[in-house]
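Taking it in order: structure first as structure tokens, then the write-up.
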Amino acid sequence: MIDDRFDRLASLFLGDHEPTSTGGMEAVISRAASSASREGAAVITPLVPGNLPVLAHPWIWHVAARLDARPSALIRMAGDGVQVAMLNATGVAESACGDLAAWLLQAATVARRWFVVPRSGGEIDTVSALEADEAVVVSGGDEAATVAAYQWVRRLVESAKNAGRSAPLTPIAIVGCEEGAAKDAAATVSTASQAFLQQPVPLAGAFPRLERTAVSEQRFYGEVVQPAELLAAIRTAGAAAWARGAAPGAPQPTPVMPRPVAPSVVRPATMPPAAPVFAEATPSVAASVPASVVPMISAPLVVGGLPDAIAPCIPGLWPVAIRCPGHPQVEFATDESGRLHLLAWIDQAASLRPARAWAQRHAAILRAGFPGLAADPLPLVERLVSTDAIRAIEWHHTGVRLDLLVRAAAGWTYVPLNDERSMQP
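Quick note, the sequence shown lines up with residues 274 to 698 if you use our numbering.
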């Protein structure tokens, strides 16, 4: 029998349903925060990327850091491993922890929340396995994105119903549009969800543009873990940190005053190094954390100017004299195989995806003007370029080639930061 709920969803955009009021940011943290008082309890919030403008990964970092302004851990599950980072906490750019278990133990000493991004295609199973009270959908505000968000909520609710469980709360964070449009988009999804699923979808927040985010202790571990295993590891790390009084909010042992040491006592020449710790940032919204306190991955390295053009600095690329209307900062180049490369400085990342869409629409015209380009479908390679390798860390495994240009005595030196294999999500 044909499921007519999609027809009813389509009628939603033409109907007279009253919009559902949204509760703001508090809707995202209210339910899970009530469980945080348990000893070593980990507040785990899945973040589910929907249809997003530009690239999904930077938006996930941005939204997570602002859903909870306290220090939080972000864990992104991929097909070939796990990418981790701390948000709103001080620390070095790249973690020194040798494996995922060690990183989780260190993160548990400061993390107030654990954001988990499921691997593509496993969102429903991950949310279920993590036993989360809520799962935040991160979506654009256009009509196609809101329909896709509703469809995901529907699948989640039906999966929970079939398993005999209550569905988690599903707030939605709208990105890439202003607050008014975000409220309308959230109300659209919530109206459909309440009408057909009895599942409200509150607005978690509106995030019109990407801003600076405090990210530290990043690392990629080539350990493919299942959601249930990750849940057990997070809980174990939280309980261990709580037991030794190192977790946020854990009761501290009564301090014992050390006996004074006589000046003549000689300490061993070699002392074991102290384990690295994450220092908690002052509780506030992420955007207000002073740059002098938190090492921002977006803080540029001053190199005394930039080259006039990017393509001539990268071996194997030949510039193509075209520009995308509206995004002239994106350069075009080709290689010996006829692929079309789109190059932009990392500050101009938001222009890369619109330029790609423009090139795809006008592939026939481009090929007529530049016969060396490959046949349909025109292969496109997106590349982000920086003079600071730290700024490129958050773009790893996003499907984008990352290039580093370093000023040398003879000019600019090119250093690749990933390749065709390692750039994949």
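In this text, a Cβ means the ideal position worked out from N, Cα and C, and glycines have one as well.
Per-residue DSSP class, three states only, for residue i
| i | result |
| --- | --- |
| Val488 | strand |
| Gly378 | Residue 378 is actually Leu in this sequence, not Gly. Helix, per DSSP. |
| His330 | helix |
| Ala617 | strand |
| Arg386 | strand |
| Glu404 | coil |
| Ala417 | helix |
| Glu667 | helix |
| Pro585 | helix |
| Ala606 | strand |
| Glu396 | helix |
| Ala547 | Here the model assigns Ala547 a pLDDT of 45, short of 50, so the residue's position is not dependable and the matter cannot be decided. |
| Ala422 | helix |
Span of the alpha helix (DSSP H), counted from its first residue to its last, around residue i
| i | result |
| --- | --- |
| Glu655 | No alpha helix (DSSP H) contains Glu655, which is instead part of the beta strand (DSSP E) from 653 to 659. |
| Pro598 | No alpha helix (DSSP H) holds Pro598; DSSP gives it neither H nor E. |
| Pro223 | Residue 223 lies beyond the residue range present for the chain, which begins at 274 and ends at 698; the question has no answer from this structure. |
| Trp631 | 625 to 634 |
Residue span of the beta strand (DSSP E) that contains residue i, given as start and end
| i | result |
| --- | --- |
| Ala351 | 345 to 351 |
| Leu678 | 674 to 681 |
| Ile317 | 317 to 322 |
| Gln356 | 354 to 360 |
| Gly684 | 684 to 689 |
| Gly413 | 409 to 413 |
| Glu497 | Here residue 497 turns out to be Val, not Glu, going by the sequence shown. That residue, Val497, is in no beta strand (DSSP E); it is neither H nor E in DSSP. |
| Pro592 | 591 to 593 |
Beta-carbon proximity of residue i to residue j, cut-off 8 angstroms
| i | j | result |
| --- | --- | --- |
| Ala639 | Ala632 | Just to set this straight, residue 639 is Leu in the shown sequence, not Ala. Going by C-beta atoms, Leu639 is nearer than 8 angstroms to Ala632. |
| Thr607 | His614 | yes |
| Ala705 | Leu590 | This structure gives no information on residue 705, because the portion of the chain shown stretches from 274 to 698. |
| Ala682 | Leu657 | no |
| Pro344 | Ala375 | no |
| Trp387 | Val321 | no |
| Ala315 | Gly478 | no |
| Thr363 | Pro500 | no |
| Val488 | Ala358 | yes |
| Asn691 | Arg664 | no |
| Ala338 | Leu360 | yes |
| Val327 | Arg596 | no |
| Ala468 | Leu377 | no |
| Val389 | Pro319 | yes |
| Ala440 | Ala433 | yes |
| Val410 | Gly323 | yes |
| Ile666 | Ala369 | no |
| Leu476 | Lys456 | yes |
| Leu403 | Leu504 | yes |
| Ile397 | Arg428 | yes |
Distance, residue j Cα to residue i Cα
| i | j | result |
| --- | --- | --- |
| Ala380 | Ala346 | 7 angstroms |
| Val448 | Trp332 | 8 angstroms |
| Leu579 | Ala622 | 16 angstroms |
| Pro698 | Ala408 | 21 angstroms |
| Tyr687 | Leu678 | 5 angstroms |
| Thr454 | Ala514 | In the sequence as presented, Thr is not what sits at residue 454; that position holds Ala. C-alpha separation (whole angstroms): 42 angstroms. |
| Gln471 | Gly611 | 52 angstroms |
| Ile619 | Ser659 | 6 angstroms |
| Ala418 | Gly684 | 45 angstroms |
| Glu496 | Pro481 | 34 angstroms |
| His669 | Glu693 | 12 angstroms |
| Glu490 | Val355 | 14 angstroms |
| Ala641 | Ser466 | 48 angstroms |
| Arg485 | His335 | 8 angstroms |
| Leu653 | Ala459 | 34 angstroms |
| Ser393 | Asp372 | 23 angstroms |
| Thr382 | Tyr423 | 37 angstroms |
| Pro588 | Pro689 | 10 angstroms |
| Ile570 | Asp415 | Annotation note: pLDDT 36 at Ile570 (below 50); position unreliable, coordinate value reported separately. Approximately 30 angstroms, taken between the alpha carbons. |
| Pro473 | Val430 | 11 angstroms |
| Gly437 | Ile348 | 28 angstroms |
| Pro391 | Glu609 | 37 angstroms |
| Leu325 | Val603 | 20 angstroms |
| Cys586 | Gly413 | 35 angstroms |
| Val420 | Ser463 | 11 angstroms |
| Asp649 | Ala636 | 8 angstroms |
| Glu452 | Gly395 | 30 angstroms |
| Asn435 | Ala405 | 17 angstroms |
*Report the residue ranges of all alpha helix (DSSP H) runs contained in full by the region 432 to 484; include only those spanning at least 4 residues, in chain order.*
If you keep only unbroken alpha helix (DSSP H) runs of at least 4 residues inside the region 432 to 484, you get 452 to 470.
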